[in-house]
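Under my numbering, the first residue of the sequence shown carries the number 553, and numbering increases by one thereafter. Virtual Cβ for every residue (Gly too), placed ideally from N, Cα, C. All remarks here apply to the structure that follows.
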Amino acid sequence: MTAAAGSSDGRDQRPVARIRLRVAPGANRSRIVGRHGDGWKVRVDAAPERGRANDRLCTLIASIAGVRSGDVQVVSGASGRDKLVSVHGIELDALSRMLDAASGK
Numbered sequence: 553m554t555a556a557a558g559s560s561d562g563r564d565q566r567p568v569a570r571i572r573l574r575v576a577p578g579a580n581r582s583r584i585v586g587r588h589g590d591g592w593k594v595r596v597d598a599a600p601e602r603g604r605a606n607d608r609l610c611t612l613i614a615s616i617a618g619v620r621s622g623d624v625q626v627v628s629g630a631s632g633r634d635k636l637v638s639v640h641g642i643e644l645d646a647l648s649r650m651l652d653a654a655s656g657k
């Protein structure tokens, strides 16, 4: 997990949190399962076809973080289970607490 400042060109100075996720598509419902190494395990209720699971993942993370779904982006791992996701508009510590709370653990 890493934290970064906004873009270097001065346009976007919002905080950016980057988190590692292990994603399991095709679940009954989308949810944060709990910690997985230095990130979290997530289940999403969408198939891994044509980006549907990634879209659902971004929507889930955005709803937990209280940001727009457009503020959540899969930075790497778009076609795999292990992903690096950036969330604009929230600090890493705050996002970590929200994900832990959402997992119930």
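For the beta strand (DSSP E) containing residue i, name the first residue and the last one.
i    : result
D597 : Premise fails: D597 is in no beta strand (DSSP E) and is neither H nor E.
D634 : D634 to H640
Grab me the residues of residue i's own chain with a C-beta within less than 7 Å of its C-beta, minus the 5 sequence neighbours each way, in chain order.
i    : result
V575 : V594, V596, A605, L609, R633 and K635
So, for residue i: in the same chain, excluding its five sequence neighbours on each side, which residues have a beta-carbon less than 6 Å away from its beta-carbon?
i    : result
V627 : L636 and S638
S621 : C610, T611 and A614
Looking at C-alpha atoms only, which residue of the options is the closest neighbour of residue i?
i    : options                   : result
R583 : R566, I616, D590 and A569 : I616
A654 : N580, R620, G589 and A614 : A614
A646 : D607, H588 and V619       : V619
Which stretch, first to last residue, makes up the alpha helix (DSSP H) that contains residue i?
i    : result
S655 : L644 to S655
Is the CB-CB distance between residue i and residue j below 8 Å?
i    : j    : result
P567 : A599 : no
G586 : R572 : no
- [ ] At 4 residues or longer, and completely inside the stretch 567-592: list those alpha helix (DSSP H) runs for me, N to C.
- [x] Runs found: none.
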